[in-house]
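Undergrad: Attaching a single structure in structure tokens format; questions to follow.
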Amino acid sequence: MSESPDRIAGLIGTARRGESLSREDLTLLLNLADEESLEALGTAADAVRREAVGDAVYLRGIVEFSNFCRQNCLYCGLRRDNRDIIRYRMDEDAVLAAVRRIRDRDIGTVVLQSGEDPAYTRGDLCRIVGRIRNETGLIVTLSVGERPLEDYRAFREAGADRYLLKHETASPDLYRRLRPGCMLEDRLRCLKDLRDLGYEVGTGNMVGLPGQTPEILADDLLLIRSLDADMLGIGPFIPHPGTPLAGAPGGDLKRTLRVLALARLLTRDTNIPATTALGTLHPEGRIRALRAGANIVMPDFTPETLRARYDIYPGKSTVPDGDILMARLREDLVLLERHTGKGPGGRVVPR
Numbered sequence: 009m010s011e012s013p014d015r016i017a018g019l020i021g022t023a024r025r026g027e028s029l030s031r032e033d034l035t036l037l038l039n040l041a042d043e044e045s046l047e048a049l050g051t052a053a054d055a056v057r058r059e060a061v062g063d064a065v066y067l068r069g070i071v072e073f074s075n076f077c078r079q080n081c082l083y084c085g086l087r088r089d090n091r092d093i094i095r096y097r098m099d100e101d102a103v104l105a106a107v108r109r110i111r112d113r114d115i116g117t118v119v120l121q122s123g124e125d126p127a128y129t130r131g132d133l134c135r136i137v138g139r140i141r142n143e144t145g146l147i148v149t150l151s152v153g154e155r156p157l158e159d160y161r162a163f164r165e166a167g168a169d170r171y172l173l174k175h176e177t178a179s180p181d182l183y184r185r186l187r188p189g190c191m192l193e194d195r196l197r198c199l200k201d202l203r204d205l206g207y208e209v210g211t212g213n214m215v216g217l218p219g220q221t222p223e224i225l226a227d228d229l230l231l232i233r234s235l236d237a238d239m240l241g242i243g244p245f246i247p248h249p250g251t252p253l254a255g256a257p258g259g260d261l262k263r264t265l266r267v268l269a270l271a272r273l274l275t276r277d278t279n280i281p282a283t284t285a286l287g288t289l290h291p292e293g294r295i296r297a298l299r300a301g302a303n304i305v306m307p308d309f310t311p312e313t314l315r316a317r318y319d320i321y322p323g324k325s326t327v328p329d330g331d332i333l334m335a336r337l338r339e340d341l342v343l344l345e346r347h348t349g350k351g352p353g354g355r356v357v358p359r
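Following this line, the structure appears as structure tokens:
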């Protein structure tokens, strides 16, 4: 697409100032493929990141405690019908042992992540959350999928502070095709319930899904802005050989960075991770995301014997242990002239 450099610069400047971009404007910027516009977007997003959330990079320690899932999403290696994966569940004491590793490294937040595994009852998860709060004092983020409202309320009362539930795509039709038996409106209702219960709420989308268009990505960005999410997980689609989308082309680094930068410009002070998937897709994925608006990194503290089994996308088995990633991050931060943040690093906004 041939567009005037002045028009492109004008749109980026509009976003840089915090003014609204239309669906048409966003689609135009998403359709660009040149390095110059990507660099300009990244520079603008990095400046907004510095003004809105500062130079600190906050850490969230992940524990992936189960790879069982009742859902059958076409894109996910944990899908119910994938018979090639070796399933596992961590018991309460194993989860707490992993969480203590996170606490001992002065990381203020743990993310408990799993497939949608009904074997963990409301009481089980409340007990785990309560023990983490009582025994370590860490902020608890849950990422366990769609649950009944009563579960969300109980988890909050047990001490969970944050909840991550990615909307994946803003297109109801694409959502229904990629997540058989599921509807986007149910996902959005869950996000509203979580917000109403007082959670810090995270959402996000994949970039490069089969059937996704620049217009749909623009709708993702507009939805993200309307949700006023406290955290955004934006990562590339990486086709998994154990799924129906095994042969589909995957998302690419540049378009994912473009979406991430636009998300920073639209949301200003939202916490945005340099996702693990970006680091898997490209060796410079993490540092390039940190240069394009990201301010969060999520080291993985799942026990080494289990980490490779959380096979959500190919290459996940190569994700380094949390200690190794933290050492690499320290080197990145020297280059970026940034520093690790202290404490939980939540988004504090008036409600």
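In terms of my numbering, the sequence shown opens at residue 9 and continues consecutively.
Just so you know, even glycine gets a beta-carbon here, dropped at the ideal spot from N, CA and C.
Apply the 10 Å Cβ neighbour rule to residue 200 and answer buried if 16 or more other Cβ atoms are within range, or exposed otherwise.
TA: Numbered from its first residue, the sequence shown carries residue 200 at position 192. Answer is exposed; the Cβ neighbour count stays below 16.
Undergrad: Output yes or no for whether 8 Å exceeds the beta carbon distance between residue 70 and residue 306.
TA: Numbered from 1 along the sequence shown, position 62 holds the residue referred to as residue 70. Numbered from 1 along the sequence shown, position 298 holds the residue referred to as residue 306. Yes, they are a contact pair.
Undergrad: What are the start and end residues of the beta strand (DSSP E) that includes residue 249?
TA: Numbered from its first residue, the sequence shown carries residue 249 at position 241. Note, residue 249: premise wrong, no beta strand (DSSP E); not H, not E.
Undergrad: Just to confirm my understanding: we take residue 248, look at its own chain, exclude 5 residues before and 5 after, and list those with CB closer than 6 Å. What are they?
TA: Position 240 of the sequence shown, counting from 1, holds the residue named residue 248. Excluding residues within five positions, the ones whose Cβ falls inside 6 Å are 85, 321, 322.
Undergrad: By the 10 Å Cβ neighbour count, where 16 or more other Cβ atoms means buried, how is residue 382 classified, buried or exposed?
TA: Lying outside 9 to 359, the shown extent of the chain, residue 382 is not represented and no answer is given.
Undergrad: Roughly how many angstroms lie between the CA atoms of residue 59 and residue 72, to the nearest whole one?
TA: For the purposes of this step, residue 59 is taken as the residue at position 51 of the sequence shown. For the purposes of this step, residue 72 is taken as the residue at position 64 of the sequence shown. Spanning the two alpha carbons is a distance of roughly 33 Å.
Undergrad: Note down the Cα distance separating residue 89 from residue 279, rounded to an integer number of angstroms.
TA: Taking the sequence shown and counting its residues from 1, one reaches residue 89 at position 81. Taking the sequence shown and counting its residues from 1, one reaches residue 279 at position 271. Looking at the two C-alpha atoms, the distance is approximately 34 Å.
Undergrad: Can you tell me whether DSSP reads residue 170 as helix, strand or coil?
TA: Translated into the one-based positions of the sequence shown, residue 170 becomes position 162. Residue state, collapsed to three classes: strand.
Undergrad: Under 8 Å: do the region 163-173 and the region 193-207 share three or more Cβ pairs, one atom per stretch?
TA: Cβ pair count under 8 Å is three or more, so yes.
Undergrad: Cutting at 8 Å between CB atoms, please list the residues of its own chain near residue 301, excluding the five before and the five after it.
TA: The residue given as residue 301 occupies position 293 in the sequence shown. Once the five neighbours on either side are set aside, the close Cβ partners of residue 301 are 50, 53, 54, 56, 57, 268, 269, 271, 272, 273, 280.
Undergrad: Roughly how many whole angstroms lie between the Cα atoms of residue 329 and residue 312?
TA: The residue given as residue 329 occupies position 321 in the sequence shown. The residue given as residue 312 occupies position 304 in the sequence shown. Their backbone Cα atoms lie some 7 Å apart in a straight line.
Undergrad: Counting C-beta neighbours from all protein chains within 10 Å, is the total for residue 157 16 or more, i.e. buried, or is it exposed?
TA: In the sequence shown, residue 157 corresponds to position 149, counting from 1. So residue 157 ends up on the exposed side.
Undergrad: Inspect the CB distances between the region 131-142 and the region 102-121 and report whether three or more fall short of 8 Å.
TA: The answer is yes - the region 102-121 touches the region 131-142, with three or more Cβ pairs under 8 Å.
Undergrad: Assuming the contact rule is C-beta atoms closer than 8 Å, residue 75 and residue 96 should be a hit. Round their C-beta distance to whole Å, please.
TA: Locating residue 75 in the sequence shown gives position 67, counting from the first residue. Locating residue 96 in the sequence shown gives position 88, counting from the first residue. Going by Cβ atoms, the distance from residue 75 to residue 96 rounds to 6 Å, so yes, they are a contact pair.
Undergrad: To the nearest angstrom, report how far apart residue 151 and residue 242 are at their CA atoms.
TA: Taking the first residue of the sequence shown as 1, we reach residue 151 at position 143. Taking the first residue of the sequence shown as 1, we reach residue 242 at position 234. So the alpha carbons of these two residues sit roughly 15 Å apart.
Undergrad: Just list the residues that DSSP pairs residue 66 with in beta bridges.
TA: Indexing the sequence shown from 1 puts residue 66 at position 58. Partner(s): 304.
Undergrad: Kindly give me the distance between the Cβ atoms of residue 352 and residue 93, rounded to whole angstroms, as I take these residues to be in contact under 8 Å.
TA: Translated into positions along the sequence shown, residue 352 becomes position 344. Translated into positions along the sequence shown, residue 93 becomes position 85. That pair is no contact at about 33 Å.
Undergrad: Is there at least one non-hydrogen atom of the ligand GDP closer than 7 Å to the beta-carbon of residue 69?
TA: Inclusion of the ligand GDP in the displayed structure is not the case, the ligand content being empty and no account of it being possible.
Undergrad: List the residues that DSSP assigns as beta-bridge partners of residue 244.
TA: Mapped onto the sequence shown, residue 244 falls at position 236. BP columns for residue 244 point to 215.
Undergrad: Spatial neighbours of residue 223 within its chain, please: CB distance less than 6 Å, with the 5 preceding and 5 following residues excluded, ordered by chain position.
TA: The count along the sequence shown starts at 1 and reaches residue 223 at position 215. For residue 223, where only same-chain residues beyond five positions count, the Cβ hits under 6 Å are 35.
Undergrad: Taking the beta carbon of residue 129 as the centre, do at least 16 other beta carbons fall within 10 Å, making it buried, or is it exposed?
TA: Residue mapping note: residue 129 aligns to position 121 of the sequence shown, counting from 1. Counting Cβ neighbours within 10 Å, residue 129 comes out exposed, since fewer than 16 surround it.
Undergrad: So the candidates are 98, 109, 294; which of them puts its Cα closest to the Cα of residue 309?
TA: Working through the sequence shown from its first residue, we reach residue 309 at position 301. It is 109.
Undergrad: Under the DSSP definition of a beta bridge, which residues are partnered with residue 87?
TA: Working through the sequence shown from its first residue, we reach residue 87 at position 79. Beta-bridge pairing links residue 87 to no other residue.
Undergrad: Once DSSP output is grouped into helix, strand and coil, what is the label at residue 329?
TA: The residue you call residue 329 lines up with position 321 of the sequence shown. Three-state DSSP puts residue 329 in a strand.
Undergrad: Return the bridge partner residues of residue 149 from the DSSP annotation.
TA: If you number the sequence shown from 1, residue 149 lands on position 141. Note: residue 149 sits in a beta bridge opposite 119, 170.
Undergrad: Can you tell me whether residue 288 is buried or exposed, with buried defined as 16 or more other CB within 10 angstroms of its CB?
TA: The residue labelled residue 288 in the question sits at position 280 within the sequence shown. Classification for residue 288: buried.
Undergrad: What are the boundary residues of the alpha helix (DSSP H) that residue 354 is part of?
TA: As a first step, residue 354 is located in the sequence shown; it is residue number 346 there, counting from the start. Neither: residue 354 is in no alpha helix (DSSP H) and is coded neither H nor E.
Undergrad: Closest to residue 235 by C-alpha separation, out of 275, 220, 293, 259, would be which residue?
TA: Residue mapping note: residue 235 aligns to position 227 of the sequence shown, counting from 1. For residue 235, the nearest C-alpha among the options comes from 275.
Undergrad: When DSSP builds the beta bridges, which residues end up paired with residue 71?
TA: Mapped onto the sequence shown, residue 71 falls at position 63. Beta-bridge pairing links residue 71 to 120.
Undergrad: Would you list the one or two residues that DSSP bridges to residue 347?
TA: Numbered from 1 along the sequence shown, position 339 holds the residue referred to as residue 347. The partner list for residue 347 (beta bridge, DSSP) reads 64.
Undergrad: Please return the same chain residues whose Cβ sits closer than 6 Å to the Cβ of residue 180, not counting the five positions on each side in sequence.
TA: Within the sequence shown, residue 180 is the residue found at index 172, counting from 1. Same-chain partners within the cutoff: 192.
Undergrad: Do you know whose CA, among 339, 82, 68, 30, lies nearest residue 116's CA?
TA: Taking the first residue of the sequence shown as 1, we reach residue 116 at position 108. Nearest option by C-alpha distance: 68.
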